[in-house]
Amino acid sequence: MCKACDRAKRERHCPDYITGCLSCSARALAAGRAFFDSHQAQTLTPPYRNALRAIFGQRWKAGHRLVRLWSRSESIKKKGSFL
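Residues in the sequence shown are numbered consecutively from 110, following the numbering used here.
As structure tokens, then:
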């Protein structure tokens, strides 16, 4: 986890993302449309699964767990994301 992720844990509206940080990538996915659609459908939709695989590779299931953790955080739920 990077400084941007630490800040996102403390501040509701953290616009910072660090390239190469997998936690930042998971946080970005948690606030995005692909995850929202997947969450609403209660299944891993092809666009969301493809995004997970593009970012996390073979560890996409662990990446999904990280996305779900970020989706429950106040920084994601209240910043105007799809959730």
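Positions of the beta carbon are idealized from the N, C-alpha and C atoms, including for glycine.
Under DSSP, the alpha helix (DSSP H) around R116 begins and ends at which residues? Within the sequence shown, residue 116 is the residue found at index 7, counting from 1. Residues 112–119.
Would you tell me roughly how many angstroms separate the C-alpha atoms of R174 and H122, rounded to the nearest one? For this step, residue 174 is matched to residue 65 along the sequence shown. For this step, residue 122 is matched to residue 13 along the sequence shown. Cα to Cα, R174 sits roughly 22 Å from H122.
What's the C-alpha gap between E120 and A139? For the purposes of this step, residue 120 is taken as residue 11 along the sequence shown, with counting starting at 1. For the purposes of this step, residue 139 is taken as residue 30 along the sequence shown, with counting starting at 1. One C-alpha to the other measures close to 16 Å.
Return the residue from the list A150, R116, S132, Q149 that minimises the CA-CA distance to L178. The sequence position of residue 178 within the sequence shown is 69, counting from 1. Of A150, R116, S132, Q149, the residue nearest in Cα terms is S132.
What whole-angstrom Cβ distance do D125 and A135 have, given they're in contact under 8 Å? The count along the sequence shown starts at 1 and reaches residue 125 at position 16. The count along the sequence shown starts at 1 and reaches residue 135 at position 26. Their Cβ separation, rounded to whole angstroms, is 14 Å, which puts D125 and A135 out of contact at 8 Å.
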